[in-house]
Each structure stands twice: as structure tokens, then as C-alpha cells.
Amino acid sequence: MSNKVVIDAEGAILGRLSTNIAKRLLQGEIVDVVNVEKIVISGKPQSIIARYKERLGIRSKYNPLRGPFHYRQPDRFVRRTIRGMLPFKKPKGKEAFHRLKCHISVPEEFAKATKIKVPEADSSKLTVKRLSVGDLCKQLGWNYDERLDPTYKADN
Numbered sequence: 014m015s016n017k018v019v020i021d022a023e024g025a026i027l028g029r030l031s032t033n034i035a036k037r038l039l040q041g042e043i044v045d046v047v048n049v050e051k052i053v054i055s056g057k058p059q060s061i062i063a064r065y066k067e068r069l070g071i072r073s074k075y076n077p078l079r080g081p082f083h084y085r086q087p088d089r090f091v092r093r094t095i096r097g098m099l100p101f102k103k104p105k106g107k108e109a110f111h112r113l114k115c116h117i118s119v120p121e122e123f124a125k126a127t128k129i130k131v132p133e134a135d136s137s138k139l140t141v142k143r144l145s146v147g148d149l150c151k152q153l154g155w156n157y158d159e160r161l162d163p164t165y166k167a168d169n
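Residue numbers (our numbering): 14 to 169.
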């Protein structure tokens, strides 16, 4: 039986956290990531937003309904980032990806669970500007409903 890990992603750097999670998934662990809207991306907020808005324009001319799909919800956004670090087209990577679950804020089922932090991904020592995934997704068109989590406050 593989072990289950709950990772608290608050204040973690997106790329560093994603590589750590991808490695855990490939080792056979079941990973639940909470507080994904509070993950940060380092860099100038304007350039980060511009880069991701430019990505939204990429689509198929033949039939846009066939993809590529660009997610605006933070949980799906982070899940897609982690997928890029897995050998997704091979059975091992696909099985690993199915062991991943991302959650906005902390669901009730994980409220009392032991949550671990990834020390390599800590953003407290960053000297550059940063942007949270929640704020980026709001800029990309995520229609957040505050009834889902009244504790989440966007910086807008």
C-alpha cells in the first residue's frame, strides 16, 4: 500500500514545489495539495500575466474544441503544471498523475490531517517580486465565488 501525503502549498514557489510533487508521484505516493491558490510565481507580476494571457490565444484553427485547453482555476492550473513534469504519455506517468489531487483552500477532510511543507520551495527568502496563482487566475478570467472559501482574499 502506498502512503498518502498532504502538502500545504501556502507560500511555496510553483516550479520548485511541482518538481518535488512530481518526484513523489513517480515514487508511488498519493499526493493531495491544499491551498494551491496561495502558491507564488516569482517575477514581475505584469510580465507573468502578459505571458499567460498570450498563452490563452494558442488554439487549434481547425477545431478549437479539440484543444489545447488552458485552465483558469488554480487547482487545475497547478495540476497541469505538475503534469508537464511527468512522463504523462507513458503508463507510469499517467498512473502517477492520477494519484494527484489539488484543492483550493483546505477541505474539511484535511483540516485535521498532518500537512507537510516543502522546505526547498519556500518563498520567504525571495528578493524579487511575486504573484500568487490565485491572483494570476483572477487576471486570466477565473470567476471566483467567495461562498466557496470566505477566508480567501485576492489582492485586487
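Even for Gly, the Cβ is constructed at its ideal location relative to N, Cα and C.
Kindly indicate the opening and closing residues of the beta strand (DSSP E) around residue i.
{"i": "Ile54", "result": "53-55"}
Tell me where the alpha helix (DSSP H) around residue i begins and ends.
{"i": "Ile95", "result": "87-96"}
{"i": "Lys151", "result": "146-153"}
{"i": "Lys138", "result": "Premise fails: Lys138 is in no alpha helix (DSSP H) and is neither H nor E."}
{"i": "Lys105", "result": "104-111"}
Reducing DSSP to helix, strand and coil, say where residue i ends up.
{"i": "Ala25", "result": "strand"}
{"i": "Lys125", "result": "coil"}
{"i": "Ile20", "result": "strand"}
{"i": "Lys171", "result": "Nothing about residue 171 can be read from this structure; the chain reaches only from 14 to 169."}
{"i": "Asn169", "result": "Residue placement at Asn169 is poorly supported in this model, since its pLDDT is 42, which falls under 50; the coordinates are not used for a value here."}
Since I believe residue j is in contact with residue i (beta carbons under 8 Å), could you give me their beta-carbon distance rounded to a whole number of angstroms?
{"i": "His116", "j": "Val49", "result": "7 Å"}
{"i": "Arg96", "j": "Tyr84", "result": "Actually they are not in contact, since the Cβ atoms of Arg96 and Tyr84 sit about 11 Å apart, beyond 8 Å."}
{"i": "Lys130", "j": "Val19", "result": "In fact, because the Cβ distance is near 11 Å, the residues do not count as touching under 8 Å."}
{"i": "Ile52", "j": "Ala25", "result": "5 Å"}
{"i": "Gly106", "j": "Leu99", "result": "4 Å"}
Every unbroken beta strand (DSSP E) inside the stretch 42-83 [3 residues or more]:
Counting only runs of 3 or more, we get 43-47, 53-55.
Between the stretch 35-53 and the stretch 68-83, can you find at least three pairs of beta-carbon atoms closer than 8 Å?
No, they do not touch.
If contact is defined by three or more beta carbon pairs under 8 Å, each pair taking one atom from either stretch, is the stretch 56-64 in contact with the stretch 142-154?
Cβ pair count under 8 Å is three or more, so yes.
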